[in-house]
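This report concerns only the one structure given below.
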Amino acid sequence: MQYSKKSAFHTSLTKFNSIVIIFILSNCNLLAQKEYPQNYFRSPIDFKILISGNFGELRPNHFHTGLDILTENRVGKNIYAIADGYISRINVSSGGYGNALYITHPNGYVSVYAHLKSFKKELETYLDSVQRAKQQFEMNLYPLPDKFRVKKGEIIALSGNSGRSYGPHLHFEIRERESEEPINPFLFGINVKDNVSPKIFSVTQYNFTDDIDWDNFSKKKYSSINERTLKTNGKVGFGIELYDYTSGRHNTNGIYNLTLKINDTVYFQSQFDKLSFYTNRYINSYIDYGERIFTRKKIIKCFIEPNNRLTNYLVKDKNGIYDFNDGKKHRVEIIAKDFYGNSKKVSFKVQSDTTYITKNTNRGKHFKQKFYFQKINYYDTRELKITFHRNSLLYDLEFQHYTSIPKYRAFSKIHHIHYQSTPLFNKISLAIRVDSLPVFFCDKVLIAQITNNGSFKSIGGKLIDNYVISKTNILGNFVVLVDTIAPVIKPINIGKNSVLNQKTVRFKIFDNLSGIKSYNGYIDNKWVLFKYDAKYHLIKCDLGKENIKIGKHKLILKVSDYKENVATYESNFILK
Numbered sequence: 006m007q008y009s010k011k012s013a014f015h016t017s018l019t020k021f022n023s024i025v026i027i028f029i030l031s032n033c034n035l036l037a038q039k040e041y042p043q044n045y046f047r048s049p050i051d052f053k054i055l056i057s058g059n060f061g062e063l064r065p066n067h068f069h070t071g072l073d074i075l076t077e078n079r080v081g082k083n084i085y086a087i088a089d090g091y092i093s094r095i096n097v098s099s100g101g102y103g104n105a106l107y108i109t110h111p112n113g114y115v116s117v118y119a120h121l122k123s124f125k126k127e128l129e130t131y132l133d134s135v136q137r138a139k140q141q142f143e144m145n146l147y148p149l150p151d152k153f154r155v156k157k158g159e160i161i162a163l164s165g166n167s168g169r170s171y172g173p174h175l176h177f178e179i180r181e182r183e184s185e186e187p188i189n190p191f192l193f194g195i196n197v198k199d200n201v202s203p204k205i206f207s208v209t210q211y212n213f214t215d216d217i218d219w220d221n222f223s224k225k226k227y228s229s230i231n232e233r234t235l236k237t238n239g240k241v242g243f244g245i246e247l248y249d250y251t252s253g254r255h256n257t258n259g260i261y262n263l264t265l266k267i268n269d270t271v272y273f274q275s276q277f278d279k280l281s282f283y284t285n286r287y288i289n290s291y292i293d294y295g296e297r298i299f300t301r302k303k304i305i306k307c308f309i310e311p312n313n314r315l316t317n318y319l320v321k322d323k324n325g326i327y328d329f330n331d332g333k334k335h336r337v338e339i340i341a342k343d344f345y346g347n348s349k350k351v352s353f354k355v356q357s358d359t360t361y362i363t364k365n366t367n368r369g370k371h372f373k374q375k376f377y378f379q380k381i382n383y384y385d386t387r388e389l390k391i392t393f394h395r396n397s398l399l400y401d402l403e404f405q406h407y408t409s410i411p412k413y414r415a416f417s418k419i420h421h422i423h424y425q426s427t428p429l430f431n432k433i434s435l436a437i438r439v440d441s442l443p444v445f446f447c448d449k450v451l452i453a454q455i456t457n458n459g460s461f462k463s464i465g466g467k468l469i470d471n472y473v474i475s476k477t478n479i480l481g482n483f484v485v486l487v488d489t490i491a492p493v494i495k496p497i498n499i500g501k502n503s504v505l506n507q508k509t510v511r512f513k514i515f516d517n518l519s520g521i522k523s524y525n526g527y528i529d530n531k532w533v534l535f536k537y538d539a540k541y542h543l544i545k546c547d548l549g550k551e552n553i554k555i556g557k558h559k560l561i562l563k564v565s566d567y568k569e570n571v572a573t574y575e576s577n578f579i580l581k
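Below is the structure:
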């Protein structure tokens with residue numbers, strides 16, 4: 006009897022332990038999730054936060070790494086330090102983040118404020134002195150920790166529209182100091198009002214062959230699919246076009262959490278708490294890259310390609326592909342949630358039909374050789390040499406290449422290098438042989454990508470042993486051209502022998518191919534600071550800050566491109 010009671014006790018204890026283990030395992034994600042400080046950071050603005058872009062939003066070639074906070078359609082709003090710290094970086098750029106500040110905080114995080122109009126006075130004075138010492142507008146400075154200390158709530162800058170920004174706003178980030186990885190600001194309690202659910206526009210079915218050629222599949226899009234029954238056979242993945250919204254705003258945002266369930270089992274799940282600049286380009290694997298290029302639609306693929314190293318996938322033992330080969334009916338659900346729990350779901354059934362034939366195009370007629378993403382791959386002909394560095398590819402592919410004759414003056418054939426719809430993660434090395442290049446063009450030669458509309462986009466290049474050498478992170482059509490044309494300088498508010506009443510002189514500058522490399526202005530043979538806004542092609546000089554006195558002066562502006570073609574504008578003017 007004692008043995009029996011002991012056995013019963015141990016049986017009950019075993020059951021209890023099992024329940025505890027199951028409970029722990031079922032909540033492991035909650036236990037493992039990092040806790041972020043709450044109420045440590047304040048808002049970077051002193052008015053209601055409305056956003057035009059959220060963390061993880063889908064952008065060209067990258068995920069958005071912060072919040073785009075609207076500034077009431079105005080520049081010049083006060084921007085505040087979100088906590089104590091020190092200015093650890095000052096960046097000034099004609100594109101990108103424009104005028105940007107980085108504050109390192111004692112709790113291990115760095116806050117970033119971008120597209121600013123200007124910095125607080127002592128920072129402007131410091132920046133101006135360095136720009137003049139180096140005779141350069143664009144700057145990337147790292148002051149020592151004790152140089153510029155700031156307090157929580159201190160005004161550090163004024164909001165603006167500088168850099169690659171197309172409307173007044175503040176781009177705001179919080180990063181881990183050690184890893185430099187951006188963290189979703191919502192996790193720190195910096196919130197917006199949001200009671201709006203995501204909206205689903207379409208579901209796409211991707212049919213693969215049994216051996217799954219990731220570069221070769223058929224697909225079918227459904228704009229209305231809820232509770233429908235689809236017929237298919239074999240290995241299938243699903244994609245979804247959807248967007249999130251916030252209260253009171255009509256702009257689209259990215260999805261925080263996306264889950265694919267088949268027969269109540271999770272086969273795919275992504276979530277955007279953190280991003281990495283190293284893996285950010287894997288967005289072109291997260292979405293249907295070909296759709297984005299050719300239709301501009303952003304379809305998220307609820308499946309994972311072999312070399313996609315995003316850390317935002319929560320399901321580690323499945324890749325989202327399901328083999329519908331059993332003749333049965335299966336239930337599929339795709340659930341989208343925003344950070345605040347607002348959700349939208351689409352449900353449908355998939356009937357496995359063994360008579361369904363996957364119509365893939367198979368090997369292309371221009372197939373040359375098989376490439377493997379885990380290896381270094383070489384393609385070497387007399388006319389074209391390519392090195393695909395290890396992990397440049399997202400999956401193995403059957404490489405295609407052919408040439409055609411350009412109908413314009415060029416110095417090579419047009420090289421059609423695989424498919425433009427195939428994404429690359431790392432850059433590949435490219436060498437194209439030139440034909441009959443005159444000696445005086447040797448320093449002017451470059452490789453140009455031929456875009457969808459037939460225009461040219463330079464990827465640079467240097468002539469070495471009859472080959473133009475460069476690197477690219479896109480595939481498609483390429484040709485060798487020369488750039489012998491100097492940039493164009495167009496005066497806006499100054500002319501020959503002008504009489505000026507205003508304190509700022511403005512020009513627009515353009516280049517037809519290789520791009521603007523440098524710009525320098527001089528008044529009375531003294532270097533003066535010209536500020537450049539690339540999106541508007543606008544360059545300007547504040548005569549007041551240059552201490553230009555009333556009277557007669559001579560201005561010279563020189564602009565060069567990446568092939569050292571130089572344009573010069575000269576004008577005498579009288580400042581009243």
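Counting with this note's numbering, you get residues 6 to 581 for the letters of the sequence shown. Backbone N, C-alpha and C define an ideal beta-carbon position, used for all residues, glycine too. No experiment lies behind these values; they were computed from the predicted model shown.
Among PHE206, LYS204, ILE50, the one whose alpha carbon lies nearest that of GLY81:
The residue among PHE206, LYS204, ILE50 with its C-alpha nearest the C-alpha of GLY81 is ILE50.
For GLY459, count neighbouring C-beta atoms within 10 Å of its own C-beta (all shown protein chains included) and say buried if the count is 16 or more, exposed if not.
Classification for GLY459: exposed.
Can you have a look at ALA105 and say buried or exposed, based on whether 16 or more other CB atoms are within 10 angstroms of its CB?
Under this definition ALA105 is a buried residue.
For ALA607 and LYS545, what's the separation of their Cα atoms in angstroms?
In this structure the chain extends from 6 to 581, so residue 607 is not present and cannot be described.
Ignoring anything shorter than 3 residues or poking outside the segment 79-129, list the beta strand (DSSP E) runs there in chain order.
The DSSP assignment places 83-85, 90-97, 104-109, 114-124 as complete runs of the beta strand (DSSP E) inside the segment 79-129, in order along the chain (cut-off: 3 residues).
PHE296 - containing alpha helix (DSSP H), residue span:
Before going further, note that residue 296 is Glu rather than Phe in the sequence given. Here the alpha helix (DSSP H) through GLU296 covers 294-299.
Cα-Cα separation, ALA538 to SER99
The sequence given here has Asp at residue 538, not Ala. Distance between the alpha carbons of ASP538 and SER99 is about 5 angstroms.
Span of the beta strand (DSSP E) holding SER207?
204-213 is the extent of the beta strand (DSSP E) around SER207.
Leaving aside the five residues before and after VAL115 along the sequence, list all residues of the same chain whose C-beta is less than 6 angstroms from its C-beta, in chain order.
The answer, listed in chain order, is TYR107, THR109, ARG180, ARG182.
Using the DSSP secondary-structure output, state which residues sit across from ASN602 in a beta bridge.
In this structure the chain extends from 6 to 581, so residue 602 is not present and cannot be described.
Per DSSP, PRO496 forms a beta bridge with which residues?
Per DSSP, PHE512.
Taking 8 angstroms as the threshold (beta carbon to beta carbon), is PRO411 in contact with chain B?
No chain B is part of this structure, which consists of one protein chain only.
Would LYS375 and GLU403 be called neighbours here (beta carbons separated by less than 8 angstroms)?
The answer is yes: Cβ separation under 8 angstroms.
Quick test of your reading: ASP547 and THR509, contact by CB under 8 angstroms. State the CB separation rounded to the nearest angstrom.
The pair is a contact, with the Cβ atoms about 5 angstroms apart (cut-off 8 angstroms).
Residue range of the beta strand (DSSP E) that GLU181 falls in?
GLU181: member of the beta strand (DSSP E) spanning 174-181, first to last residue.
Determine the DSSP secondary structure at LYS139, reduced to helix, strand or coil.
Looking at LYS139 - three-state DSSP - the assignment turns out to be helix.
State the Cα-Cα distance for the pair PHE60 and ALA88, rounded to the nearest angstrom.
Spanning the alpha carbons of PHE60 and ALA88 requires a straight line of approximately 20 angstroms.
Please list the terminal residues of the continuous beta strand (DSSP E) segment that includes ILE419.
419-422 is the span of the beta strand (DSSP E), which, as asked, contains ILE419.
For LEU72, which of LYS279, PHE222, LEU263 has the nearest alpha-carbon?
The shortest C-alpha separation from LEU72 is found at LYS279.
Could you tell me whether any non-hydrogen atom of the ligand FMN is closer than 7 angstroms to the CB of LYS568?
Judged by which ligands are present, the structure shown has none, so any question about the ligand FMN falls away.
Among the candidates PHE191, ILE160, PRO173, LEU163, whose CA atom is the shortest distance from the CA of TYR45?
Ranking PHE191, ILE160, PRO173, LEU163 by Cα distance to TYR45 puts PHE191 first.
What do you reckon, are the CB atoms on ILE304 and GLY244 nearer than 8 angstroms?
Cβ atoms of ILE304 and GLY244: closer than 8 angstroms.
So, helix, strand or coil for PHE445, using DSSP?
Helix.
Helix, strand or coil at ALA148 according to DSSP, with G and I counted as helix:
The amino acid occupying residue 148 in the given sequence is Pro; Ala does not appear at that position. If DSSP states are grouped into helix, strand and coil, PRO148 belongs with coil.
Grab the span of the beta strand (DSSP E) containing GLU569 for me, first residue to last.
Run containing GLU569: none; DSSP gives neither H nor E here.
Quick check: the segment 511-522 against the segment 549-569, are at least 3 beta-carbon pairs closer than 8 angstroms?
In the pairwise beta carbon analysis, the segment 549-569 is classified as touching the segment 511-522: at least three pairs are separated by under 8 angstroms.
Helix or strand or just coil, what does DSSP make of ASP133?
Correct three-state label for ASP133: helix.
By DSSP, does LEU543 sit in helix, in strand, or in coil?
Here LEU543 sits in strand by DSSP.
Is PHE483 helix, strand or coil when you go by DSSP?
The answer is strand: DSSP assigns PHE483 an E or B state.
With DSSP collapsed to three states, give me the class of PHE193.
The three-state secondary structure of PHE193, taken from DSSP, is helix.
Suppose you measure from the CA of ASN212 to the CA of VAL241; what does that come to, to the nearest Å?
Going from the Cα of ASN212 to the Cα of VAL241 covers about 5 angstroms.
Determine the DSSP secondary structure at HIS284, reduced to helix, strand or coil.
A small correction: the amino acid at residue 284 is Thr; His does not occupy that position in the sequence shown. Annotated three-state conformation of THR284 is coil, per DSSP.
Consult DSSP for GLN43 and reduce its assignment to one of helix, strand or coil.
Coil at GLN43, not helix or strand.
Take the Cβ of THR251 as the centre, count every other Cβ of all protein chains shown within 10 Å, and call the residue buried at 16 or more, exposed below.
Around the Cβ of THR251, a 10 Å sphere holds 16 or more other Cβ atoms; the residue is buried.
Could you tell me which of TYR527, ASN313, ILE494, ILE464 sits nearest to PHE578, measuring between CA atoms?
The shortest C-alpha separation from PHE578 is found at TYR527.
Rounded C-alpha distance that separates HIS1 from ASN78
Here the chain covers residues 6 to 581 and nothing more, so residue 1 does not appear.
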